[in-house]
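One structure below.
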Amino acid sequence: MNDNAVPRPENTSFTFDDVCLAPGEQIGLHEQATWELSYIIVGSGMRLIGDRTEPFGSGEVVIVPPEIPHCWYFENDVTDAQGRIANITITFGREFLDNCCVAFPELLECTEKLKRKRDAVKFGKEKSAAIASVLEEMRPLGRAERIPLMIKLLLILAGSEEESVVGRYQKMDPERERMNRIQVYVVCNAKRDITLDDVARHVGMNRTSFCIFFKKVSGKTFVTYLNEYRIELACRLLKQQKVSVAEICYQVGFNNVPYFNRVFKKMKGVSPSEYVFL
Numbered sequence: 001m002n003d004n005a006v007p008r009p010e011n012t013s014f015t016f017d018d019v020c021l022a023p024g025e026q027i028g029l030h031e032q033a034t035w036e037l038s039y040i041i042v043g044s045g046m047r048l049i050g051d052r053t054e055p056f057g058s059g060e061v062v063i064v065p066p067e068i069p070h071c072w073y074f075e076n077d078v079t080d081a082q083g084r085i086a087n088i089t090i091t092f093g094r095e096f097l098d099n100c101c102v103a104f105p106e107l108l109e110c111t112e113k114l115k116r117k118r119d120a121v122k123f124g125k126e127k128s129a130a131i132a133s134v135l136e137e138m139r140p141l142g143r144a145e146r147i148p149l150m151i152k153l154l155l156i157l158a159g160s161e162e163e164s165v166v167g168r169y170q171k172m173d174p175e176r177e178r179m180n181r182i183q184v185y186v187v188c189n190a191k192r193d194i195t196l197d198d199v200a201r202h203v204g205m206n207r208t209s210f211c212i213f214f215k216k217v218s219g220k221t222f223v224t225y226l227n228e229y230r231i232e233l234a235c236r237l238l239k240q241q242k243v244s245v246a247e248i249c250y251q252v253g254f255n256n257v258p259y260f261n262r263v264f265k266k267m268k269g270v271s272p273s274e275y276v277f278l
């Protein structure tokens with residue numbers, strides 16, 4: 001896998017990235033030799049970390065150990081007033097932890113705990129709030145001024161309470177990695193218009209190569225796969241919401257009600273209106 005991670009600036013022991021950008025501009029699937037702490041301020045979607053793909057939302061704090069492939073795919077409709085998502089990301093390497101111990105031997109136990117963490121974890125509500133508070137405090141500061149707060153952050157991160165595993169390292173072949181990216185893209189974008197060119201571009205292929213690849217790996221065309229996903233989503237919404245079939249049609253990404261009805265009946269054996277009463 002190509003490492004897309006943002007390189008660390010010179011003369012820094014850790015990075016602090018305060019990011020506001022359009023959902024589609026977020027960095028893609030990548031891995032690096034550092035720990036990565038991410039705090040989602042504004043945005044939601046699907047995250048892929050190692051062997052797991054799960055939804056995420058604003059307020060989430062996750063730490064990813066070195067060498068685990070990961071990315072956050074943001075939905076286009078959860079943004080600030082300027083149409084942007086916002087997050088803070090800190091990265092630090094083993095060298096930083098070792099240097100902390102040399103300068104402050106009292107941090108040895110803390111840094112060793114961090115080094116032993118092999119899985120990506122999401123922190124619970126209270127711990128996330130504590131981490132977010134430190135990160136917010138770091139935002140207006142210069143590099144040197146952030147150092148004592150970084151040490152405070154390490155002490156919080158080293159604790160084992162209030163965390164759940166959200167990804168483990170998994171050696172992934174290029175074919176499986178590409179399919180994962182396609183599946184996450186569909187989950188994040190199914191409610192809007194998706195063209196073959198869009199998804200092919202997302203995984204670095206041209207339209208023809210993408211269609212051949214997808215049919216070979218999945219045994220079905222991408223359009224069939226996308227329609228199946230949208231119909232399953234429509235089934236859930238039909239049971240949950242008291243709205244018209246037309247509204248459900250547009251909510252799940254179809255832009256033609258008669259076509260939606262035909263696809264639905266072909267896949268489910270009944271019309272959307274009939275399905276509600278099953």
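Just so we're aligned, residue 1 is where the sequence shown starts under this note's numbering, counting upward by one.
Where is the CB? At the ideal position from N, CA and C, for every residue including glycine.
Beta-carbon proximity list for VAL257, same chain, < 8 Å, skipping 5 on both sides = VAL245, ALA246 and CYS249
query = Grouping DSSP H, G and I as helix and E and B as strand, with all else coil, what is MET1?
reply = Note on MET1: pLDDT 46, under 50, position unreliable in the model; the coordinate value appears next. Looking at MET1 - three-state DSSP - the assignment turns out to be coil, as it is neither helix nor strand.
ask   = Leaving out five residues before and five after LEU233 in sequence, what residues of the same chain have Cβ atoms less than 7 Å from its Cβ?
value = ALA190 and VAL252
message = I'd like to check one pair, ASN255 with ASP198: are the Cβ atoms closer than 8 Å?
response = no
request  = Report the rounded CA-to-CA distance for PRO23 versus ARG116, giving the unit in angstroms.
outcome  = 33 Å
ask   = Going by C-alpha distance, which of ALA120, VAL276, ASN11 and THR79 is nearest GLU31?
value = ALA120
Assigned secondary structure, PRO66 (DSSP; H/G/I helix, E/B strand, else coil) = coil
inquiry  = When you compare the stretch 56-75 with the stretch 31-47, are there three or more beta-carbon pairs, one atom per stretch, that lie closer than 8 Å?
reply    = yes
task = Would you mind listing the beta strand (DSSP E) stretches within the stretch 160-208 that are 3+ residues and don't spill past its ends, in chain order?
result = 163-167
query = Going by alpha carbons, who is nearest to VAL223 out of GLY124, GLU25 and VAL263?
reply = VAL263
request  = Measure the Cβ-Cβ separation of ASP17 and THR89 and say whether it is below 8 Å.
outcome  = yes
ask   = According to DSSP, is PHE74 helix, strand or coil?
value = strand
key: ILE68, buried or exposed, once every other Cβ within 10 Å from all chains shown has been counted against 16   = buried
ask   = Do you know how far the Cα of GLY28 is from the Cα of PHE104?
value = 36 Å
message = Considering only DSSP beta bridges, list what LEU114 is partnered with.
response = Paired residue(s): none; LEU114 is not in a bridge.
message = Could you compute how far the alpha carbon of PHE260 sits from the alpha carbon of SER164?
response = 39 Å
message = Quick check: what's the CA-CA separation for ASP3 versus ARG178?
response = At ASP3 the pLDDT is 44, less than 50, meaning the model places this residue with poor confidence; the figure from the coordinates comes in the next sentence. So the alpha carbons of these two residues sit roughly 15 Å apart.
ask   = According to the neighbour-count rule (16 or more other Cβ atoms, all chains shown, within 10 Å of its Cβ), is ASN206 buried or exposed?
value = exposed
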